[in-house]
Structures are given as C-alpha cells and as structure tokens.
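I have placed the structure first, in the form of structure tokens, so that the comments after it can refer back to it.
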Amino acid sequence: MTDVVVVESPAKAKTINKYLGDGYTVLASFGHVRDLPPKDGSVRPDENFAMDWQTDERGAKQMSNIARALKGAKHLYLATDPDREGEAISWHVRAVLQEKNLLRGINVQRVTFNEITKSAVKAAMEQPRELDQPLIEAYLARRALDYLVGFTLSPVLWRKLPGSKSAGRVQSVALRLICEREAEIEVFKPREYWTVTGDFATPANAAFTARLTHLDGRKLDQFDLNDEAKAFAARDAVSAARFTVRSVERRKAKRNPPPPFTTSTLQQEASRKIGMSAQTTMRTAQQLYEGVDLGGETVGLITYMRTDGVQMASEAIGSIRQHIGQEFGDNYVPEKARIYSTKAKNAQEAHEAVRPTDVSRTPDRVARYLTSEQKRLYELVWKRAVASQMQSAELDQVVVDLADASGKLVLRANGSIIAFDGFLKLYIEGRDDARTEDDESRMLPAMREGDALTGRGVIADQHFTQPPPRYSEASLVKRMEEIGIGRPSTYASILTVLRDRNYVRLESRRFMPEDRGRLVTAFLTSFFERYVDTDFTANLEEQLDDISGGRADWHDVMAAFWRDFSHAVAQTKDLKISDVIDALDQDLGEHFFPTPADGSDPRQCHACGTGRLGLRLGKFGAFIGCSNYPTCQFTRRLVAEDGDEGETLKDGIKVLGQDPETHQDVTVRRGPYGLYIQRGEADPNDKKVKPKRTTIPKGLDGDKLTLEQALGLLSLPRLVGIHPETGEPIEAGLGRFGPYVKMGAIYGTLDADDDVLTVGLNRAIDSLAKKLASIRNLGPHPKDKEPVMIRKGRFGPYVQHGQTIANLPKGQEMDSVTMEEALALLTEKGKPLKAKGKVTKKTSSKPKRGEVQTDEGAKPATKKVATKKTTVKKAATKTSTRKAKKTEEAS
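Written out as structure tokens, the structure is:
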C-alpha cells in the first residue's frame, strides 16, 4: 500500500501527488478539520482551559477519506503549511485519528516546505520531524483567547449597547485606531502659511527656481509668513533685491533597495501600487504558492506567503544575482550578497521572505498562463525580490544658496540627478514603475559662487496645514505591524470583519468609521479600556510568541489574562443603561452635535424648541431623541444603525430626479432589507403593473447616489462587449448575490470592489475564464436552438440542455463528446435539473446510481418529524448558535 500525505488544499494535493509519484496518496484536509463549537462552555477556564472540539460535516468527510487511505500504510506525513496554523491543522488531524485508534503501527511525521517545487517537496520528505508542541500550544492559547473574549465581551455589548454585533481581541483595537484617527481629523484646525519662490536665470541664461529661506537675516519657520500681508511684503522685498550665488554644495547619496516582501509589506505594496485589497492579495498569493499550470506542468511560482522573515535561501540569492548580471550587466550586481534582517515588532516565523521559486520564470514568460490578478501580483513579487539584490542607486545632489548684497535675504534651490539608477532600473517602492518627477533628473544649471543672477519674477503661494490622513488598507496594516498587534496573516480577515459588521466603510480607498463602530469603540474604551489598549494587546502578542518559542507556559498566560478580564466583565453586571448613555454622550457628543456656524445650541430640539437632544438606546440600537419625551416624540436614527443617513430620506423617500426617457421620478427608498432604487410609482388600479426597481450594490452610498448612477443601475443588464474568441455578447448585471457578468448561460462573479456600471471587457473575460474552463458548448439543439453544453459537476461531467441533464458514461472525457452522443444521452438518460433549495425526503447527500448532482445544485434539505419537545430544543440550539456566531473573531 502507499504512504499517505496530508496537505491543506486540493490544488496543493494535486501538484504534490505528481511530484511524489505512485508510492504516495496525497489528500487534502480542506483547512481545519475541527474547531471549537460556537457555544458557551467550549473553553473551560475552571478546568485549566480544557477545550471541546467539534468536527463539522466537511471535516468528518475528509477524515473518513484519510482513514480509508491509511489502511495498510506505514507512514502518515502531515505536510500542511509551515506556520503556526499549519502546525495546528496537522495536530488536529493526528488527534482525530488517534481518538479513533487508526494510527496503530503507523509512523506519523511532520514535513514542511517553503515552496511547492519538485526539489523542495522531495527534500522535505527526506527530512521529516515531530510535531512542534510549542507552536501547537501557542495556537491553543490564541484560539482560547479569541474565543473567551468573543463569548464573554460580545454578550455584554448586546445587553448594554443594543444594535452592536461583536467585539474581538484584535478587531476592536484595529477599530479603535480608525475611530481615533477620525476624531483627530474632526478636531483638526488648519493653519495658514505662505511660501515665496522666485524664478532666476544664470549668466548663461539657464532658468531655475529657488525658495525664500531667510528674511531680515533670520531663518524662516513654517508659520512666520502666516498671512497675506507678511507674504506680499516678503515677495516685494525679494523682487526689489538683486541676488548672487553665495554657495554651491554638491554631495553624493545612495539609495538602497528595499528587502523582499513579508506578508505585511506585500499587502501594503499591493494596495499602494496595484490597488489590490488585502483579502484579494492573500487569495491571489495562495494561488501562486499552491501552483499554476504552465503548459501542462503545475508549478508553485512563489514561496509561502505568510511570513515575517525578509531573508532568502542562499541558493535563491545566488540565482538572482546571476540573473541580474545576465539581464542588466555586472555593474548592477553588488560585490556581496545583501543580507536583510526583520525590524517588525514581534516578528516570529523563521521562514523565507516571499520570493519567486525560480527567478528564470520572469513575469513575461509566465504571463499567458496567469489571470490578470495573478499576473500583477507575481510581477510585483518577482521585481521586488530581484531588486533587493541589485546595486544601490547613486544620486548627485546639489544645494545652491542665493543671497542679496546685505546677506539678509537668502533663497535656496535644490536639485538632484540619478548618476546610476541601480535597482531603480527595475523597481521603485510605493509608486508605479513609471518614473515620476521625484525620481527623474531635476538638474540645476551649472553655477559658481559669485555668479550674478537675473530675476524673472517672484510669487507668494498660500497653503494650509492638512489633517492626518485616514488609514488606507496599506497604512493600517503598517500601523498594526509597527505596534505589534495581530499577525500579518490575519490582517486581511480582520479588515474584512470590520467592514462586514458595518463598523467601518471604505471611501476613496480610505477607512471611515460608521457611527455603529464609533459607539462600540466609545463603549469599550469607557468600560474595557485596558483590553482595547494597543500596548496591552501588543504585550499579549509577545507572550504568545514566548509560548511558541517554548519560553512560557500557555496555561499560565491564560490564567493571568482570565483573572483580570473576568473581573472587568463582572464589574459591568450592575452597569446601568444611563451610565452607558452618559459615557457615550460625553465621548461622542461633539461628533453627533457639532456646533453650527451661527453659534446656536446644537442640542436644541428642532421639533418642540425647548427639549435637549441626546443619545438614547433602544431595542434596535442607539438613536437621538428629545429630553421632553413622551411629550415630544422627535427621534433621529444614526447612520450606522440601518446604513442610511438619518434625515436625508424624508418619509423613507428621496427623489434623485426624472428619467429623461420616461419622465418618471427616480427615487431612493427604504425597504425592509435596506435601500433600493425605484422608477415611477405603482398603479393602484392595476396591481400587475409594478414600477422598475433595483438594489443598490455594496460599496455605493445610497445617500450620495446620483441620478446618473441610479439610471445606470435601472438599465442593467448592460452590454460590456463581444468575447473575442466565441463572438458572443457579454453582459454585466446585478443578481441576488451581487454583481455578475454573463455570456449566454455562463455566469461569472464580480468582486465587491468591481463597479458593475463601468467594468470593462478584459475584467469580464477574466471573471468568465474559470467557468469557461469547466464548460464546453457543443452548439444549438436542433429542435429549439437552445445551447447543449458539457459541464463539470461535483460527481463528474454531465450534459445539459435547458433544464434537462444527463451524466456522461464513466471514464468519458468532456472533450471527446460529440453533439450526436450528447443528444442520445439526453434522450436516454435525461432527468430534470433539481431546483435550488428544494426540500426532498432524501436524507443522504450521496447521489444514487444514475442520479446527477451538479456543481450548481443545492444539497437537498432533510425533512424530519420531531416531537414538540425536540422541536423546542432544536430551536433553542439554533438560537444559541446564531448568537454565538456573532462573536467569531477574525484574529
């Protein structure tokens, strides 16, 4: 029998199976095979933090497959990802098999590889090891911490701050960073300042510009010229003077290349340079790591993408240096290889940086095998890794000071020129790879001390200081890494949770806190300040790293945390709603009630004129109400509670304008499931005639929606273009599950950041590519001209015509089926396609012989007859589970 290798994903399993050959059976665990049940009591602090584990349906199925494969095997190799989470998955697999007594006589060993290439995999298989117990204990501590914070703190939020969804150990700290930055922006007072610049010409009539730095013999500070009068006076003084060159200073400077990517810097740079979200970056990097089909050979193109390390293997450095010499010349290769060390706080994993597995696979060579996202990300990784081993760039910098005869007026001109581009020939950090003004030559003309200069005009420019910028995904990830909270591999999921909870929104690629998020942050900082403190959270991360390094006992760390945390939660038991209201009102009063320009009282009730407006808490969350309630019943909902903008929708309706074709009003309305767009009104005399309606896609603000955007959404689906290979039209539209593109009967899903109104043909083709790879169109049916297609299903390929489907004979490939064979199969074995979500009496998910279950079909629901008592118990369990899910923490 063959030995068994367990990895995490099917794609990785397929690739590694090719490398290892027939002597091994490689199976996927599909990630974690078990987890803590989403109910209170799964972690028991009173029993030394004992944990209950639960295997879900998918995990149980995969473990059954692994158990069957182990019969007769002598070795089980656990080859999950080479990080803490991968170690934990391997530990879970072993634990489940041990509980079932399936490992007798089987040697269980752990193997790890940093890249999925044939040589790396075979080398790893020759050097197996035992499971790393400290890493497993660090996972247990982190999982217990997140569980206890979620299941303990979130119920407090639900009781004391209705409308809140969840709180988490790292999630809440990230939210606090965003909210505090917004508070800084709101209280920021811009300051005025002016600069004075003059245009000059050398004796050789070469032009340049210089800025005033000294006035009346004193160096100017930023705010010395803080109004128009002072600025114009300085301008006139410069205009009236004659200047000569007082000094010319030349110096050489070097700019060193940045190190190769870590997880964090990869997310930051992908956001800055190619506009890719952290979540998309990690998903695409996973695909490049697990393997891409390069003309029949599946190869991992990059090394493991979850890493804090910036070092590279000596073999990789050698091949990169050799490639640089061949492609750019020996003068671009430094004398010694560059060795980098990580500077990130709490850096832990001793893995290589993210780099290409083979530098000879240049982006141009592999581009035709990659999707658009894969191509852009691989090019970024490849260039960064190669540039990190290139020669430094050399700059010639020149500083020229000009002075009048008295020496009391001084202007300065700066210039630089790239004497040797070095790594800049390939890669410029933080910008597009096109040269910008900062990196182009800004050469000053030749000048010597004492040269008389000719003035050609002086101008005074007004400026205002700017508030600190809102966090982008890149800057927030960088900030979290700097202060040492969370882990780079979890940042993408943390940011996703904040958006899914409607705690924040992305606007112009910057995070803005919703009012719901500000309320949660104000509550936590008022009553749980320590647990959303960045220093406390960072210190806890250090303790977790001590556990993974074998320097601390995880039970001791957990006991110390739980003692203080449970005491803090217990203190909120008698917390009154009025106390919560007072704290929130004090913290967020200026935000909800900004002072009007006329200086009137922002809290005066608009309805009764005598009451005072303030925050109130109701069953469904926070709102603004009048102190004269119930005499005055004025209320105003907050933005975050329902995703609307308070009073902007009068009576639930906002008119955007008229449709120029139908002359009907186009309105934004509030329905039971949120905001939607409607054209026209319903006919009270004919209920069959309904006005045109459409949902507002996620990412569009209903309050800021324009008439043009609304008309575009109402006109969907729209024609995107014609597919260059099939000649069929491609349309874009909005469906039940969001934006999509469609070609005939083939659909492709668009990402949340894709604009269905502007998505182009190339993006649409990319979205359809995966579906097209699993579908073959044989042509129109001779009777009704509907397409006859061959599709890949969950249990094998099948033929489909309309709502009729039939399995292909076992062993027959999709590409070999002719139209005649397909028509015969539909006639002989054709069955109707099951409706999605249809309830049947079938209790087994396994199809019967001859039955077709497609990749698009829903699993039949099981209908059970239960006693009244059982039904009540089931309902209670579901309610508990539903509440518990709100506490899940993506850290």
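Residue numbers for the sequence shown follow full-length UniProt numbering, beginning at 1 and rising by one. All C-beta atoms in this analysis are idealised placements derived from N, C-alpha and C, irrespective of residue type, glycine included. Here the structure is a predicted model, which means the values were calculated and not measured.
### Query
So is G748 buried or exposed if we call it buried at 16+ other beta carbons inside 10 Å?
buried
### Task
Excluding the 5 residues preceding and the 5 following R693 in the sequence, name in chain order all residues of the same chain whose CB lies nearer than 7 Å to its CB.
Cβ contact annotation for R693 (same chain, cutoff 7 Å, sequence separation greater than five): Y676, I677 and Q678, in chain order.
### Query
How many angstroms separate the CA atom of D665 from the CA atom of K690?
14 Å
### Message
In whole angstroms, give me the CA-to-CA distance for residue 919 and I317.
### Response
Limits of the chain in this structure are 1 at one end and 891 at the other, which puts residue 919 out of reach.
### Query
Considering only residues of the region 88-140, which uninterrupted beta strand (DSSP E) runs meet the minimum length of 3 residues and lie entirely inside it, listed in chain order?
107-110
### Task
Give me the Cβ distance between T80 and V7, rounded to the nearest whole Å; I'm assuming they're in contact under 8 Å.
About 6 Å; that satisfies the 8 Å criterion.
### Task
Check whether the Cβ of I89 lies closer than 8 Å to any Cβ atom in chain D.
This model lacks chain D altogether, as it is built from one protein chain only.
### Query
Are the CB atoms of H555 and F49 nearer to each other than 8 Å?
yes
### Query
Using a Cβ-Cβ cut-off of 6 Å (strictly less than) and excluding sequence neighbours within five positions of F113, which residues of its own chain qualify?
A120, V121 and A124
### Task
Check F511 in the structure and name its three-state DSSP category.
strand
### Query
Could you check where the alpha helix (DSSP H) with residue 896 kicks off and where it finishes?
Nothing can be reported for residue 896, as the shown portion of the chain is limited to 1 through 891.
### Task
With a 10 Å radius around its C-beta and 16 neighbouring C-beta atoms as the bar for buried, classify T525 as buried or exposed.
buried
### Message
Going by C-alpha to C-alpha distance, which of T213, G796 and P717 sits closest to K408?
### Response
T213
### Message
Beta-carbon within less than 7 Å of G486's beta-carbon, same chain only, minus the 5 sequence neighbours each way: which residues are those?
### Response
Setting aside the 5 residues that flank it on each side, G486 is surrounded in the same chain by V170, M480, I494 and S891, each with a C-beta closer than 7 Å to its C-beta; the list follows chain order.
### Message
What residue range does the alpha helix (DSSP H) around P488 cover?
### Response
P488 to D500
### Query
Could you give the distance in angstroms between the alpha-carbon of L220 and the alpha-carbon of N414?
17 Å
### Query
Are the region 364-384 and the region 291-306 touching, with three or more C-beta to C-beta distances below 8 Å?
Pairwise C-beta distances place the region 364-384 in contact with the region 291-306, as three or more of them are shorter than 8 Å.
### Task
Just mark V4 as buried or exposed, buried being the case when its beta carbon has 16 or more other beta carbons within 10 Å.
buried
### Task
Classify A732 as buried or exposed, calling it buried when 16 or more other Cβ atoms lie within 10 Å of its own Cβ.
buried
### Query
Are Q803 and P832 touching if we call contact CB-CB under 8 Å?
yes
### Query
How long is the line joining the alpha carbons of G550 and P134, rounded to whole angstroms?
5 Å
### Task
Express the C-alpha separation of R129 and I136 in angstroms, rounding to a whole number.
14 Å
### Message
With a threshold of 7 Å on Cβ separation, who are the neighbours of V399 within its own chain once the five nearest residues in sequence on each side are excluded?
### Response
E249, R412 and N414
### Query
Looking only at its own chain, which residues have a Cβ that is under 6 Å from the Cβ of K12, when we skip the five neighbours before and after it?
E290
### Message
For T357, tell me which candidate among S319, E394, T371 and R368 has the shortest Cα-Cα distance.
### Response
Looking from the CA of T357, the closest CA among S319, E394, T371 and R368 belongs to S319.
### Message
If you follow the beta strand (DSSP E) that Y740 is in, where does it begin and where does it stop?
### Response
For Y740, the enclosing beta strand (DSSP E) covers residues G738 to M743.
### Task
Please report the Cβ distance between T280 and E373, rounded to the nearest whole angstrom; I am assuming they are in contact, meaning their Cβ atoms lie under 8 Å.
7 Å
### Message
For Q374, report the span of its alpha helix (DSSP H) as first-last.
### Response
S372 to A387
### Query
Around the C-beta of L530, are 16 or more other C-beta atoms found within 10 angstroms, so that it is buried, or is it exposed?
A small correction: the amino acid at residue 530 is Arg; Leu does not occupy that position in the sequence shown. When all chains shown are included, R530 counts as exposed.
### Task
Could you tell me the boundaries of the beta strand (DSSP E) in which Q462 lies?
Membership of Q462 in the beta strand (DSSP E) is indicated by the continuous run T454 to F464.
#### Entry: From L656, G735 and P260, residue whose alpha carbon lies closest to that of K704
L656
### Message
What residue range does the beta strand (DSSP E) around Y747 cover?
### Response
Note, Y747: beta strand (DSSP E), I746 to T749.
### Task
State the DSSP-derived secondary structure class of V872, mapped to helix, strand or coil.
In this prediction, V872 scores a pLDDT of 40, lower than 50, which makes its location untrustworthy; the coordinate-derived value is nonetheless stated afterwards. It is helical.
### Task
Give me whichever residues DSSP pairs with T197 in a beta bridge.
R211 and I459
### Query
Hey, S277 and R338 are a contact pair by Cβ (cut 8 Å); roughly how many whole angstroms apart?
30 Å between Cβ atoms; not a contact.
### Query
Between the beta-carbon of T572 and the beta-carbon of K165, is there less than 8 Å?
no
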